[in-house]
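Quick note on numbering: the sequence shown equals residues -2 to 908 in my numbering. Every residue, glycine too, gets a C-beta built ideally from N, C-alpha and C. First comes the structure, then the notes that go with it.
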Amino acid sequence: MAQTNRRKWFLYGILICVTLGLIVYVVRTIPFGSYDLQPDNGIAFTNGTFEYRVPLDRSSPWPRFRNNSQQTGRTAYKPTDTAGGRPWVFQTGKGIFSSPVIDAEGTVYIGSADQYFYAIDRNGRLKWKFATGEIIDSAALLDDTGRVYFGSGDAHVYALNRRTGTMIWKSAAHSVEAVQAEYGLQTYNVNWFEGNMGMLPGGQIIAPNDNYLTYALNRDTGEREIVFVSNEMNWSLPAVNTRTNRMFSGSQFVAFQNVFAFNTQTGENEWVSGGLGSNSGSPLLTSEKENAAVIVGGFDGIVRAYAQDSGKELWQTGTRDHIYASPAQQADGTIIQPSADGTVYALHPEDGHILWAYDTLEPIRSSPAIDGNGVIYVGSGEGKLFAINPDGTLRWAYQCISDVRNDMNASPGLGFDGIYIAGESGEIFFIPYDYPLSVAGRNDPRAIQGPGEILPDEGIFLVWTGPFGSLQPEAPEQIDANQPITFSLFVRHAGDTVLSAIDPDTLQISVNGTDIAIDPAERTDSADMSGSSAENLNSAYSIDEPLVLLAAHKRFVSIIPQEFWPTVMDSDSDGASETSGEVRVRIRGHIIVDQSRFGLKFYGGDTGAAFDQTFTFQLNDAGSIAGDLPYRVARNAGEPAGVIEISRLAAPNPTMLPSWNQIGFDSLHYLAGFVESDGHRAVLWVIPGKLDEATGETVVAPELKDRFALNADYANGLLSMHAYTPFLLSFIGSWDMPFAAYRLSTRVDPTTGAIERRPELNALVLGDELEFYGKFLKIMGMTDFWTGHMPVFGGANADRWHTGQVRGPTAAVGNVQLTVDPAAKQARLTVQNGRIKAEDHVVGLLLINAETGRFLPAAYARGMRIESDTDGYVTSIELPLRDDVQVPKTLRAYYMVDTYPARRFDWPTSE
-2 MAQTNRRKWF
8 LYGILICVTL
18 GLIVYVVRTI
28 PFGSYDLQPD
38 NGIAFTNGTF
48 EYRVPLDRSS
58 PWPRFRNNSQ
68 QTGRTAYKPT
78 DTAGGRPWVF
88 QTGKGIFSSP
98 VIDAEGTVYI
108 GSADQYFYAI
118 DRNGRLKWKF
128 ATGEIIDSAA
138 LLDDTGRVYF
148 GSGDAHVYAL
158 NRRTGTMIWK
168 SAAHSVEAVQ
178 AEYGLQTYNV
188 NWFEGNMGML
198 PGGQIIAPND
208 NYLTYALNRD
218 TGEREIVFVS
228 NEMNWSLPAV
238 NTRTNRMFSG
248 SQFVAFQNVF
258 AFNTQTGENE
268 WVSGGLGSNS
278 GSPLLTSEKE
288 NAAVIVGGFD
298 GIVRAYAQDS
308 GKELWQTGTR
318 DHIYASPAQQ
328 ADGTIIQPSA
338 DGTVYALHPE
348 DGHILWAYDT
358 LEPIRSSPAI
368 DGNGVIYVGS
378 GEGKLFAINP
388 DGTLRWAYQC
398 ISDVRNDMNA
408 SPGLGFDGIY
418 IAGESGEIFF
428 IPYDYPLSVA
438 GRNDPRAIQG
448 PGEILPDEGI
458 FLVWTGPFGS
468 LQPEAPEQID
478 ANQPITFSLF
488 VRHAGDTVLS
498 AIDPDTLQIS
508 VNGTDIAIDP
518 AERTDSADMS
528 GSSAENLNSA
538 YSIDEPLVLL
548 AAHKRFVSII
558 PQEFWPTVMD
568 SDSDGASETS
578 GEVRVRIRGH
588 IIVDQSRFGL
598 KFYGGDTGAA
608 FDQTFTFQLN
618 DAGSIAGDLP
628 YRVARNAGEP
638 AGVIEISRLA
648 APNPTMLPSW
658 NQIGFDSLHY
668 LAGFVESDGH
678 RAVLWVIPGK
688 LDEATGETVV
698 APELKDRFAL
708 NADYANGLLS
718 MHAYTPFLLS
728 FIGSWDMPFA
738 AYRLSTRVDP
748 TTGAIERRPE
758 LNALVLGDEL
768 EFYGKFLKIM
778 GMTDFWTGHM
788 PVFGGANADR
798 WHTGQVRGPT
808 AAVGNVQLTV
818 DPAAKQARLT
828 VQNGRIKAED
838 HVVGLLLINA
848 ETGRFLPAAY
858 ARGMRIESDT
868 DGYVTSIELP
878 LRDDVQVPKT
888 LRAYYMVDTY
898 PARRFDWPTS
908 E
């Protein structure tokens, strides 16, 4: 009987626990009561004055990002007829990812990655510019005292006089160490101001920072008044309900706890909620009513409405890709939400169902701006500015950027005369309202008139994909013999873009009639994938099978030559080999449709229609090998050695990467020095660089620890630089990114070495080895669920660094000796009487396999241990060798000082 009672009470206990758990779940997640998601009266515009609810510039039609404190992205100003003006363009020194603000006189204020903040008058002329110490990714704010406020990547918020551009004050963010000491938070190694500027009812400037803190600064002094603490980097600009004294913001935390509500008077957190993806977009308040909603889209591709009073989810709507852009609100309450899937969605405010969708070709990260007539303006990855009518039909589009760097990820601002927007090209554009509908606009080849989508209605398309993300419906007829090929899947049905993926089980790719393997793991995980692309210099091209990488989300595929495209080989009378100058690529398989999702991870689905396309490319100048690599190597100390600079990296595929780190990639500078060369193969030593604040020139950055080696193959002006062995690179000071493969391919002048084609970048990231965030990359669809691989396709700028040559350190190198211990897997340099300081130079030890002429895989970036004496002079460098790498019988070793081989050693030494 006692045993029966114990069993009964045990079951009762389980039932009680389940019931209590269910009650807690219901209370915490299910909204009770009624919610009103309809808009209020909005910001009135009367007699030239906007009735903003915080002390913004009341004469300005667009004084801050998203226009107002509710962040509706809508102005009350109603443009009338065509303004009659003409577009203009202003060029800055680097890409622009921040958004403009505009005053009543038509002056636009905006920052650039060239580290300057600009004021440009209504005619496109520079009024003034202000230098900061880093890139500017933060949209400014105009207040009612004649000041402009903005944040910079140099960890400061600035207040300037709008008329003169002189600084009134600057306010520093907490350092990473200070955040940990004061708040107990272990943050990333960055304290940039990437978030845009906002304002509280009392006039305090809201400034979100990457150090997990959002500041409320006194606008007269820059002193901190309130600090709001979150759990990740803050890119999202908080929306403010001036009636309830709540502030709502998103964070970059990856799951569930990434939407916050704070009390604006105390700084205390009132609730936290969220979904399965980071939130970089800025929330929208449907109104300032107590029972209104806050709406934000996340990196899981889902738009959510949360109750302002509790954080409970009211509804959600999914898109086909992640969401970077902030939502906007029409006067009737309709929610306008762009997505990186290339579509602008109109959602019903009460339940989120889709009212209409306007499809474009490329990702949209730009947040929409809406004028008083309800016309929606949004930038796109195509370099176009779209104007969409309130019913979802195209009003017009305008091709702002013609350069290959054509992403317009910044958001438009609306002035009294027209639309202002900026882009990756570094240009600021002004387009008068309805200019494309004017007589001049209809004769302008850049202008496109509506009403339809600029896409086909039906079909399965493999779209040629450029290294900077451009999608070209027609593949080029000619490519270079070292140029990778990437195609993206694009499916249309009944006039709509359809969620789909390439079926990996049916995918077949052949090059010149030969089938090649798809993402063979053994090729990327082996200890040495250096290849032998030009091993036999007596025959033109010694070819390895091309490498095929299918994206983790199965929406693009890259085919990469190793290191030149295989072609039909014929011999001429002189014994030199020439190619046929043609390569044929056939891609066939089926698509997958009707997939299920978890976060942004799409899975399952049904096998859809088949595709089968063949592409034929003529190879540019694919003749016999002629001439040596046009870069010097220092065969003796003091001789010049060639150096190229690699900068402004872009990684548009997968589409999540620019949303995570576009301006960070754009800020990167690497210096690659040629260490050895036999004329057609070389080894390069790559170190970090940075822009000098005083001169704007690229200089060595000793404080950054990235060092890595690349092998190179050269023929006919075609240069491929590559590493097919695992190594680490810093992800903009935040975390180490593990690579299995890394390849840059370009065309250079065979005489001078000047870069003639911007390099393509192919990489394979080992996501499972990424600390902490690796597992979350799977639910974001960025890495393959089984292998953890993330194929990346992008591009970069490159050119000779300064004169293209360096002559080594001016300080004494000293007496340097090398020891190698194969059993202990260790190499070591000892330095006596040297005058090289590690704080002034990037020093290192480079090992090269003397038999193959390729670098020996080692932990160059993170494993190297450098010791100095009390005066800071380098005394030793120790390099641990990888356990899975066999130490060759003979080595060449170099003491590297910056990019220069200051000393060379042969091992073992000949006695």
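For the candidate residues the options, whose alpha-carbon lies nearest to that of residue i?
i      : options                           : result
Gln201 : Asn238, Phe250 and Thr261         : Thr261
Thr142 : Glu450, His171, Gln829 and Ala156 : Ala156
Arg832 : Val840, Gly811, Ile660 and Val817 : Gly811
Asn365 : Gln68, Asn44, Gly596 and Ile845   : A small correction: the amino acid at residue 365 is Pro; Asn does not occupy that position in the sequence shown. Minimum Cα distance to Pro365 is reached at Gln68.
Trp353 : Phe114, Ala343 and Val683         : Ala343
His490 : Val696, Ala514 and Asp454         : Asp454
Gln475 : Thr503, His677 and Gly578         : Gly578
Thr316 : Gln177, Asp441 and Phe599         : Phe599
Ala648 : Glu642, Asn658 and Ile641         : Asn658
Phe595 : Asp500, Thr511, Ile776 and Leu668 : Ile776
Asp207 : Ser172, Glu220 and Pro756         : Ser172
Tyr49  : Pro36, Thr72 and Asp703           : Thr72
Pro747 : Arg629, Asp733 and Ser656         : Arg629
Trp189 : Arg221, Ser135 and Leu139         : Ser135
Leu282 : Ser656, Ser727 and Asn38          : Asn38
Arg645 : Glu102, Gly247, Leu842 and Val401 : Val401
Gly676 : Ile684, Val300 and Leu715         : Leu715
Hey, residue i and residue j are a contact pair by Cβ (cut 8 Å); roughly how many whole angstroms apart?
i      : j      : result
Gly295 : Ile320 : 6 Å
Phe671 : Gly639 : 4 Å
Ser377 : Ile398 : Wrong, their Cβ atoms sit about 10 Å apart, outside the cutoff.
Tyr303 : Ala290 : 6 Å
Ala751 : Asp796 : 7 Å
Ser66  : Met196 : 7 Å
Asp414 : Arg119 : 7 Å
Ala737 : Leu763 : 5 Å
Pro409 : Tyr374 : 5 Å
So what's residue i in DSSP terms, helix, strand or just coil?
i      : result
Trp657 : helix
Val762 : strand
Leu767 : coil
Leu832 : Before going further, note that residue 832 is Arg rather than Leu in the sequence given. Of the three classes helix, strand and coil, the one that applies to Arg832 here is coil, per DSSP.
Ile776 : helix
Phe662 : helix
Pro433 : helix
Leu234 : coil
Gly791 : strand
Ser497 : coil
Gln883 : coil
Ala478 : coil
Lys75  : coil
Asn509 : coil
Asn266 : strand
Arg119 : coil
Arg402 : coil
Residues in the same chain with beta-carbon distance under 7 Å from residue i, minus the five sequence neighbours each way, listed in chain order, please.
i      : result
Gly371 : Gln327, Ala328 and Pro387
Ile132 : Ala110, Gln112, Gly150, Ile660 and Ser664
Ser523 : In this prediction, Ser523 scores a pLDDT of 33, lower than 50, which makes its location untrustworthy; the coordinate-derived value is nonetheless stated afterwards. So no residue of the chain qualifies.
For the beta strand (DSSP E) holding residue i, just list the boundary residues, first then last.
i      : result
Ala178 : Premise fails: Ala178 lies in the alpha helix (DSSP H), Val173 to Tyr180, not in any beta strand (DSSP E).
Val372 : Run containing Val372: none; DSSP gives neither H nor E here.
Ala720 : Leu715 to Ala720
Phe782 : From DSSP, Phe782 is part of no beta strand (DSSP E); its letter is neither H nor E.
Phe458 : Gly456 to Thr462
Trp189 : It is not in any beta strand (DSSP E) - Trp189 carries neither H nor E in the DSSP assignment.
Gln396 : Leu391 to Gln396
I'd like the span of the alpha helix (DSSP H) that includes residue i, first residue to last.
i      : result
Arg439 : Val436 to Arg439
Might you give, ordered along the chain, the residues of its own chain that have their beta carbon closer than 6 Å to the beta carbon of residue i, omitting 5 neighbours on each side?
i      : result
Tyr892 : Val813, Leu826, Ala899 and Arg900
Gly349 : Trp312 and Thr314
Ala608 : Before going further, note that residue 608 is Phe rather than Ala in the sequence given. These residues qualify, in order along the chain: Ile457.
Tell me which residues share the same chain as residue i and place their Cβ nearer than 8 Å to its Cβ, disregarding the 5 neighbours each side in the sequence.
i      : result
Ser865 : Lys834, Ala835, Val871 and Thr872
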